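In this note's numbering, the protein residues as written are 44 to 351.
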């Protein structure tokens with residue numbers, strides 16, 4: 044009887060997978076003016092991975108979308124009509140949806156899938172508006188070690204993950220831990236800067252431009268011997284000053300505050316799942332702000348593991 048039930052479940056999941064794949068035809072050029080969302084992956088059915096899965100969708104008619112993963116929503120940027128993210132999944136059933144809205148109209152697509160991946164006991168999800176800010180998630184573990192952008196894996200097994208495919212700190216982030224230990228987990232955010240509405244790749248372009256102009260200056264005589272050399276050096280110096288000023292402008296905060304939401308999920312997808320939600324306004328002054336703290340005791344851990 045158990046084998047028959049398992050075969051039926053697998054058959055249903057595979058049928059759902061085939062249906063999901065059949066609905067992923069690219070959005071045609073004639074459809075681009077209409078508000079539309081189409082999830083390309085994951086497919087419905089069984090998805091394999093360790094802690095994350097790849098999310099890809101086509102979007103028409105919007106520059107920003109709202110992604111909802113297992114009840115947690117956050118904004119994601121739409122680049123060239125596509126949304127591409129790496130997302131954290133819990134072992135078992137998961138649901139992901141993408142929604143866009145404009146002038147009272149909306150469009151949405153969703154997928155439900157079974158994630159066959161590594162067990163995880165703690166997930167910290169950080170989300171904030173997708174306006175090009177660079178905000179870094181820091182998680183201080185009970186032993187005192189901090190998982191952050193330049194220390195992305197801890198001795199206890201904690202790992203920092205970026206959801207956005209564009210760059211570290213752009214878009215939402217997550218911290219995952221396979222096995223929790225008793226003690227206090229402290230969630231922090233560090234506001235590094237904003238992009239002045241120019242997009243995440245502007246900084247790289249400016250740095251390349253600065254390298255080019257500095258190489259040009261290095262090739263010129265320090266003391267020009269002709270009028271043409273003086274003009275060329277003066278132009279290069281001006282270009283360098285303009286580029287440095289653009290870099291400073293790029294990193295300078297351009298709004299007084301950014302709302303940040305953090306969700307701590309303990310023993311996800313189990314009977315002992317607990318969620319802790321925190322909201323804070325991050326000042327754009329490079330400050331390190333504590334979002335919230337979660338205290339986990341040995342009794343909680345023992346009870347959850349005993350029921351598995």
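Heads up, the beta-carbon is just placed ideally off N, CA and C, and yes, glycines get one too.
Predicted model, so just to flag it, every value in this text is computed and none were measured.
{"Query": "Just to confirm the assignment: which complete beta strand (DSSP E) runs, minimum length 3, are found wholly within the stretch 155 to 217?", "Result": "165 to 170, 177 to 183, 202 to 205"}
{"Query": "So for residue 282, helix, strand or coil by DSSP?", "Result": "helix"}
{"Query": "In this structure, how does DSSP classify residue 253 when only helix, strand and coil are distinguished?", "Result": "helix"}
{"Query": "Under a three-way DSSP split, which group does residue 272 fall into?", "Result": "helix"}
{"Query": "Quick check on residue 291: does DSSP put it in helix, strand or coil?", "Result": "helix"}
{"Query": "When you compare only the Cα positions, how much space is there between residue 280 and residue 260?", "Result": "7 Å"}
{"Query": "Given a cut-off of 9 Å on the beta-carbon distance, is the pair residue 310 and residue 320 in contact?", "Result": "no"}
{"Query": "Less than 9 Å between the beta carbons of residue 110 and residue 140, yes or no?", "Result": "yes"}
{"Query": "Tell me whether the beta-carbon of residue 157 lies closer than 9 Å to the beta-carbon of residue 90.", "Result": "yes"}
{"Query": "Since residue 330 is in the alpha helix (DSSP H), which residue starts that stretch and which ends it?", "Result": "Element bounds for residue 330: n/a, residue is neither H nor E."}
{"Query": "Does DSSP put residue 93 in a helix, in a strand, or in coil?", "Result": "coil"}
{"Query": "Closer than 8 Å is the cut-off here; do at least three beta carbon pairs connect the stretch 199 to 207 with the stretch 215 to 226?", "Result": "yes"}
{"Query": "Is the distance from the Cβ of residue 92 to the Cβ of residue 150 below 9 Å?", "Result": "no"}
{"Query": "Exposed or buried, residue 300, counting other C-beta atoms within 10 Å across all chains shown (16 or more means buried)?", "Result": "exposed"}
{"Query": "Quick one: grab the DSSP three-state call for residue 224.", "Result": "coil"}
{"Query": "Using CA atoms only, rank isn't needed, just tell me which of 304, 225, 78 is closest to residue 168.", "Result": "304"}
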